[in-house]
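Working notes, structure below.
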DNA sequence: TTTTGTTTAAAACGTATGTTTGAAACGTAT
DNA sequence: ATACGTTTCAAACATACGTTTTAAACAAAA
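Protein chains in written order, with the working numbering: chain A, 1 to 210; chain B, 211 to 420.
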């Protein structure tokens with residue numbers, strides 16, 4: 001179908017440009033130019049720029065959400081009532097991300113970039129959208145963390161969760177840039193997997209800090 | 211002087227609006243309206259919107275930079291050759307921030323917001339600006355961390371430094387929003403100092419994770 | 001082939017933005 | 001008091017944006 005073709009081309013271009021420049025700084029004209037489609041196609045297929053932004057999110061978060069939920073379900077079924085360690089919880093989430101972004105290197109950065117933008121930027125319509133659509137996964141992960149760190153008081157646990165989120169979103173979204181510095185400064189290359197390999201122990205140590 | 215008055219009113223308004231909405235989403239008209247000055251004043255006093263953004267940064271980072279440098283100098287003079295722990299290093303930085311943002315509650319969030327935006331957003335002119343103007347402080351703090359964590363390999367230390375930066379920038383910049391959730395969800399209020407009190411141990415544990 | 005609904009195309013619309021202009025108001029030193 | 005450099009002001013300018021419109025191209029069914 002030519003319909004789907006145009007829609008996908010728009011989503012691909014938008015996803016990339018949003019991550020590069022942010023939402024407000026990315027014009028529909030640059031998106032349609034990159035996608036090689038007509039300007040009016042965005043408003044025709046998505047209705048508005050706002051809806052396009054949300055559509056880009058859905059394409060990312062939807063599969064991620066389902067993947068993590070499914071793998072957690074599977075683990076719970078095989079090990080009923082088991083308590084996961086912080087490291088294990090993070091691995092489940094990281095695996096979900098890896099699956100969603102698989103194939104395209106750099107798509108992890110785009111994912112994180114969009115997440116960070118949605119969290120910080122915006123007049124709230126994106127945040128509200130995230131909140132209403134994906135709270136159940138948030139609650140589930142939070143419950144797992146709570147079981148893994150029973151000695152922690154809930155408020156501090158809440159904040160540590162967001163410290164983790166911030167460390168991940170901030171660094172992984174600027175990964176390309178930060179990796180370039182590593183290459184220049186340390187004369188070593190650095191794969192995405194290595195960075196995640198550095199990140200998870202950092203996060204796990206942080207959340208179980210005494 | 212009426213000159214300085216207008217300049218300061220513009221900087222105050224811009225700082226706040228930039229932090230609330232981001233750079234591109236904040237118009238000069240909204241800034242001048244909030245400041246109660248004429249629209250043309252921005253271009254008259256600063257030359258352009260870009261220069262205004264940089265001026266807002268300078269007003270923040272300049273004093274912060276000098277404060278941290280000075281307090282580190284003082285400590286080095288009193289305890290020559292001493293090795294600071296990660297916690298101590300973070301305290302020095304945190305104290306510098308507290309001093310710069312003192313008086314205005316919420317100015318810490320603005321500070322972090324701007325830092326995050328400069329790091330993630332922008333076509334590079336801000337990042338280049340930060341890089342050229344404030345690398346010496348970065349190098350100094352990085353050296354202190356290196357001495358505090360000699361067992362860490364330099365590349366992983368580099369990444370952990372940015373994990374810390376990310377955790378701080380992300381959470382503290384959204385502090386207002388996150389604190390509101392805490393109040394709603396846990397029926398407890400949460401001061402800025404408490405959040406920083408939660409943050410520093412998290413960061414310290416992360417950077418010395420084995 | 002004709003018809004009907006869907007998708008693309010080019011152009012235009014209205015609005016909001018950053019910037020510039022030229023005159024008025026201001027403060028200050030002579 | 002006058003003259004001069006500085007600052008303010010209202011208005012206009014050019015441009016870029018999101019969106020709408022109208023017609024053409026297309027695909028599939030009758």
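Glycine included, C-beta positions come from ideal geometry on N, C-alpha and C. Please read all numbers here as calculations on a predicted model, not as lab measurements.
Can you pull the chain B neighbours of residue i, defined as C-beta to C-beta under 8 Å?
i	result
residue 188 (chain A)	365
residue 63 (chain A)	Result: empty, since nearest Cβ-Cβ is about 24 Å, beyond 8 Å.
Contact defined as beta carbons within less than 8 Å: I believe residue i pairs with residue j. What is the distance between those atoms, to the nearest angstrom?
i	j	result
residue 371 (chain B)	residue 352 (chain B)	6 Å
residue 325 (chain B)	residue 390 (chain B)	That pair is no contact at about 22 Å.
residue 419 (chain B)	residue 57 (chain A)	Rounded, the Cβ-Cβ distance is 32 Å, inconsistent with contact.
residue 274 (chain B)	residue 265 (chain B)	The pair is not a contact, with the Cβ atoms about 15 Å apart (cut-off 8 Å).
residue 184 (chain A)	residue 369 (chain B)	Going by Cβ atoms, the distance from residue 184 (chain A) to residue 369 (chain B) rounds to 15 Å, so no, they are not a contact pair.
residue 226 (chain B)	residue 320 (chain B)	7 Å
residue 279 (chain B)	residue 347 (chain B)	6 Å
residue 290 (chain B)	residue 355 (chain B)	Wrong, their Cβ atoms sit about 19 Å apart, outside the cutoff.
Are the beta-carbon atoms belonging to residue i and residue j less than 8 Å from one another?
i	j	result
residue 130 (chain A)	residue 118 (chain A)	yes
residue 383 (chain B)	residue 322 (chain B)	yes
residue 28 (chain A)	residue 11 (chain A)	no
residue 147 (chain A)	residue 207 (chain A)	no
residue 35 (chain A)	residue 13 (chain A)	yes
residue 392 (chain B)	residue 155 (chain A)	yes
residue 167 (chain A)	residue 377 (chain B)	yes
residue 90 (chain A)	residue 19 (chain A)	no
residue 316 (chain B)	residue 403 (chain B)	no
residue 125 (chain A)	residue 50 (chain A)	yes
residue 270 (chain B)	residue 310 (chain B)	yes
residue 397 (chain B)	residue 24 (chain A)	no
residue 196 (chain A)	residue 74 (chain A)	no
residue 37 (chain A)	residue 9 (chain A)	yes
Chain B partners of residue i, CB-CB under 7 Å?
i	result
residue 80 (chain A)	None at all; the shortest Cβ gap to chain B is about 28 Å.
residue 150 (chain A)	The premise fails here: residue 150 (chain A) is roughly 17 Å from chain B at the closest Cβ pair, so nothing lies under 7 Å.
residue 174 (chain A)	329, 330
residue 202 (chain A)	370, 373, 416, 419
residue 182 (chain A)	365, 368
Name the chain A residues that come within less than 7 Å of residue i, Cβ to Cβ?
i	result
residue 372 (chain B)	171, 178
Anything in chain B within Cβ reach of residue i, meaning under 9 Å, just list it in chain order.
i	result
residue 165 (chain A)	377, 380, 381
So residue i contacts chain A; which residues on that side make the cut at Cβ distance below 9 Å?
i	result
residue 178 (chain B)	Examination of residue 178 (chain B) is not possible in this model, given that chain B is present from 211 through 420 alone.
residue 405 (chain B)	159
Quick one: which chain A residues come within Cβ less than 8 Å of residue i?
i	result
residue 409 (chain B)	159, 163
Does the beta-carbon of residue i, which I'm using as the reference point, lie nearer than 7 Å to any heavy atom of the ligand ZN?
i	result
residue 272 (chain B)	Because no ligand of any kind appears in the structure shown, any question about the ligand ZN cannot be addressed here.
Open item on the list: Output needed in chain order: residues of the stretch 233-264 of chain B with a Cβ under 8 Å from some Cβ in chain A.
Closed with: 234, 235
- [ ] Note down, in chain order, all residues in the stretch 313-325 of chain B with a beta-carbon under 8 Å from any beta-carbon belonging to chain A.
- [x] 323
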